[in-house]
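Per this note's numbering, the sequence shown runs over residues 32 to 562.
Quick reminder that beta carbons are idealized off the backbone N, C-alpha and C, glycines included.
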Amino acid sequence: MVWAGLLATGPAQTPATVTLGNLLQTYTGTSKTPTVTTNPANLPTQVTYRNLSPNAPAPVSEVVYNDSPDPLFLSYLSAGFSSNQYSAMGNFVQLAGTARKLESCDVILVSWAKAATYTAWSTANPTLSNSEGWFHPITISIFEINSADQPVFLTNKTQNILIPWRPLTQANGTAYPYDGFAFRATIPFPDGATLPERPLVVVSFRTQSYGFDPTTFQASPIGLAGPYNELNVAFKNTTNVINIGTDVDPNVGLLVKNGAWQYPATIPPPYFRYPMIRIRARSTESITPPVNVGTWQASARISNPTYVGSASNSLTIQPATASIQLGNLTQIIDGGPRPVTVTTDPPNVSTSVTYDLSPTPPSALGTYAVQAQITDPNYLITTASGELSLIGHSLASWLDPWVLDNRIPAGATGDSDDPDQDAIPNLLEYALALDPATANHGLPNLGTPYPQPSPGQISLIYRKNLAATDLIFQVESTSQLGGLDGWSPANATEEVMTTVGIVQTIRASIPTSPDASGRFMRLRITRPNEP
C-alpha cells in the first residue's frame, strides 16, 4: 500500500468507548486485571498499570528494543536521504520487557560531510555549528499499526543533534578509511507516551529537497544547500543482531520516498534499509498486571483497530485474611532454644513471634507468654496468643529415643536396669545425663560423682541433668561410715563449674579442720515423696 501526503490520520478512526470494571479485588497471590468492555464490543485493547501506592518502588529504566551495536564501529552501510530521495525510514518492532513509558529512542546516523567542504557553514549558521560538527533537528515518530495495516500516529519528538564532521584522519594519524562516520543520536521523550506492544518507529530529518513538517507530516524541504545533504541513516543488514525485542518482519518497514509514504515497504536482503534503533522505557507504565496489595492506575486503550478510545481508573487490591495457629506449646528442654510452631492458612504467610515480648525462643524451664502476628503486607494483621511450657523429662520419656532406635530393650527400662552393664542403673544414667546404652568410658569415674579433696575442704564433683525435673538431687555427708552417725543433708557450698546444653557440672564443698574426724560425702537421687 502507498499513501501520499498526510499520513497522521490515515483513514478516519471511529470513536469507541472503553469501560473498566472489577476495580476492587482481594489479594490471592496471582495477577489482578480489571475487566475491559468496549462499545462496539470485543475490540482489542492494551492495558498498562502505574503504581499509585505510597510505597511504590522508584521507576526503573530499561531497554525494550535494541538492534544497534554498542560500541559502534567507525561506519555502517547507510541510506543517504538526499541521494535516495528519502524523507523518512521506519521499522515495525515487537517490544520486550514490561516497561512502556517511553523515555528515549536512539538511531544510528552516518555523517559524510567533511568540515573542509563547508568552510562557510559556521558563518552562515553561527548558532547551528561548532568546530566538532553542526547541529541539525532529527525527529523520531512513533506509530501504531491499525487493523487495516495502516500506520496511526501516536507521538513524536524533534531534537537538535550535534552531527560530527566526517574525520580525515584517525587518532593514530592514518587516513580515515571510510566515507562516513557513525554516531548515535538520542532523542528524549520527556512527555513519556505509553508505547504499544508493536510500535512503528520512524526516523526523519529535512534535507535541501526532501523532508516534511513533523507536526503535519506534509512535505517541507529546507531549500538550502548544506551538510544535511550528506547525512545518512545507518540501516539494518543480515549481520545485525537483535538482542532485545524482535523484528515483526525483517523484510518489511516504512519508507517515505519522493514525498510518498510506503508501508509496508519491502526491500529484500542484504540491504533492508530500515534503521537501527534502541528504545528505552520506564516502568512507570507497565504491561505487567499487579499482584500485591496496593493501588494502580489502570489505563486501557483501543489497540490496532479502526477505532479510537481509551479509559483510566484506579485498580485496588485489598489485603486478604489469613488464620494463624500456635503449636508445640509444651516442650521438654534440651539446652537449646525451643520455639513454638506457627501454622497459617493459607500456608507460608510470613509471621513474627515473641516470647515474653522477646523474639528469642527460651531454653530454660518455665512458662512464657507467646504471641504470633501476621507480618505479610498482603494480609490483614492477625494475631494468636498462647503459653509455652518448658518442662523436663521423666525416665521413661528420656529413654524413649534409645528404645525406638533398638539400642535398649523395651523390657530394660526400669530404675535399676543396667542395659549397658556398666554398673550404673538407668535412674543414675538419667540423673547424671549419661548414655544408658553405652558404658561411659572417657568420662571421669565413668561420669559418676567423685571426690576432690583440698586444704580445708572436701568437694564432690557431680553431673546434673537439668531436664530431670522429676528428681531431687541432694548432697549428703557423714563423719563415719557404718557408725551411729547417719547420712544427713550437707550444708555444702555449690558451684556450677560448666553448663553444656542440659548438663551442668557442679562442685559441692564442705569445710574440714585438722582436729576433726573424717568426713564423707555422697549424692542422693530420689523422686518427690520418696523416703
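Using only the alpha-carbon positions, how far apart do residue i and residue j sit?
{"i": "Asn97", "j": "Tyr386", "result": "56 Å"}
{"i": "Pro545", "j": "Gly487", "result": "8 Å"}
{"i": "Gly121", "j": "Thr150", "result": "33 Å"}
{"i": "Ser215", "j": "Thr238", "result": "At residue 215 the sequence reads Arg, which differs from the Ser that was named. Cα to Cα, the separation comes out at about 19 Å."}
{"i": "Ser341", "j": "Pro221", "result": "21 Å"}
{"i": "Thr398", "j": "Leu465", "result": "27 Å"}
{"i": "Pro456", "j": "Ile439", "result": "13 Å"}
{"i": "Thr469", "j": "Asp451", "result": "5 Å"}
{"i": "Asp280", "j": "Ile318", "result": "23 Å"}
{"i": "Val232", "j": "Gln293", "result": "14 Å"}
{"i": "Ile176", "j": "Pro168", "result": "26 Å"}
{"i": "Pro182", "j": "Val78", "result": "20 Å"}
{"i": "Arg197", "j": "Ile171", "result": "23 Å"}
{"i": "Pro378", "j": "Ser99", "result": "47 Å"}
{"i": "Pro484", "j": "Leu421", "result": "37 Å"}
{"i": "Trp34", "j": "Phe248", "result": "With a pLDDT of 38 at Trp34, under the threshold of 50, the predicted position of this residue should be treated as unreliable, though the coordinate-derived value follows. In a straight line, the C-alpha of Trp34 is about 12 Å away from that of Phe248."}
{"i": "Pro208", "j": "Ile253", "result": "31 Å"}
{"i": "Asp278", "j": "Leu126", "result": "9 Å"}
{"i": "Asn203", "j": "Gly128", "result": "41 Å"}
{"i": "Pro88", "j": "Thr315", "result": "9 Å"}
On a CA-only basis, which of the options is nearest residue i? Give me that one, please.
{"i": "Ile139", "options": "Leu51, Glu525, Val234, Phe174", "result": "Val234"}
{"i": "Thr57", "options": "Leu357, Ala353, Gly257", "result": "Ala353"}
{"i": "Ser605", "options": "Pro370, Thr319, Ala395", "result": "Past the boundaries of the shown model lies residue 605; the chain is included only from 32 to 562, so the question cannot be answered."}
{"i": "Thr64", "options": "Tyr493, Leu360, Thr297, Ser343", "result": "Ser343"}
{"i": "Gln511", "options": "Ala498, Leu108, Arg553, Lys495", "result": "Arg553"}
{"i": "Gly223", "options": "Tyr305, Asn70, Arg311", "result": "Arg311"}
{"i": "Tyr117", "options": "Val78, Val287, Thr59", "result": "Val287"}
{"i": "Leu419", "options": "Ile412, Asp449, Ile363, Asn437", "result": "Ile363"}
{"i": "Val380", "options": "Leu74, Tyr80, Thr76, Thr413", "result": "Thr413"}
{"i": "Val67", "options": "Pro227, Leu346, Ile556", "result": "Leu346"}
{"i": "Ala291", "options": "Asn115, Pro75, Thr48, Gly60", "result": "Asn115"}
{"i": "Leu396", "options": "Leu103, Gln328, Asn289, Asp501", "result": "Asp501"}
{"i": "Ala250", "options": "Asp448, Ala119, Thr391, Ile273", "result": "Ala119"}
{"i": "Ser106", "options": "Ile556, Ala265, Pro480, Met307", "result": "Ala265"}
{"i": "Gly257", "options": "Ser240, Thr246, Lys267", "result": "Ser240"}
{"i": "Asp101", "options": "Thr59, Thr50, Met307, Gln201", "result": "Met307"}
{"i": "Tyr493", "options": "Ser334, Thr361, Pro475", "result": "Pro475"}
{"i": "Asn496", "options": "Asp376, Thr375, Glu261, Ile537", "result": "Ile537"}
Would you check if the distance between the CB atom of residue i and the CB atom of residue j is smaller than 9 Å?
{"i": "Glu134", "j": "Arg332", "result": "no"}
{"i": "Glu526", "j": "Ser540", "result": "yes"}
{"i": "Gln402", "j": "Ser425", "result": "no"}
{"i": "Leu14", "j": "Phe166", "result": "No answer is possible for residue 14: it lies beyond the span of the chain, which begins at 32 and ends at 562."}
{"i": "Asp563", "j": "Arg309", "result": "Past the edges of the chain, shown from 32 to 562, lies residue 563, and the structure says nothing about it."}
{"i": "Asn187", "j": "Ile173", "result": "yes"}
{"i": "Gly473", "j": "Asp365", "result": "no"}
{"i": "Leu199", "j": "Lys145", "result": "yes"}
{"i": "Tyr305", "j": "Leu285", "result": "yes"}
{"i": "Gly211", "j": "Asn263", "result": "yes"}
{"i": "Pro480", "j": "Asn409", "result": "no"}
{"i": "Pro195", "j": "Ser113", "result": "no"}
{"i": "Gly325", "j": "Ser84", "result": "yes"}
Residue i: buried (16+ other C-beta within 10 angstroms of its C-beta) or exposed?
{"i": "Val95", "result": "buried"}
{"i": "Gln356", "result": "exposed"}
{"i": "Glu460", "result": "buried"}
{"i": "Gly18", "result": "With the chain running from 32 to 562 in the structure shown, residue 18 is simply not present."}
{"i": "Pro432", "result": "exposed"}
{"i": "Gly36", "result": "Annotation note: pLDDT 36 at Gly36 (below 50); position unreliable, no value reported."}
{"i": "Met528", "result": "exposed"}
{"i": "Glu163", "result": "exposed"}
If you measure from the beta carbon of residue i to each beta carbon in chain C, is any gap under 9 Å?
{"i": "Ala127", "result": "The question asks about chain C, but that chain is absent: this structure has only one protein chain."}
At 4 residues or longer, and completely inside the segment 284-322: list those alpha helix (DSSP H) runs for me, N to C. none
At what residue ranges does the segment 38-85 contain a whole run of the beta strand (DSSP E), taking only runs of 3 or more? 48-52, 55-57, 66-70, 76-82
Secondary structure, beta strand (DSSP E): runs of 3+ residues fully inside the segment 236-276: 262-268
For the segment 335-413, which segments carrying the beta strand (DSSP E) assignment without a break, of at least 3 residues, lie completely within its bounds, in sequence order? 341-349, 354-358, 361-363, 372-376, 382-386, 397-405
Could you tell me which uninterrupted beta strand (DSSP E) segments, each at least 3 residues in length, are contained entirely in the segment 504-531, listed from first to last along the chain? 524-531
Go through the segment 406-465 residue by residue and report every complete run of the alpha helix (DSSP H) that reaches 4 residues or more, in order. 426-435, 457-462
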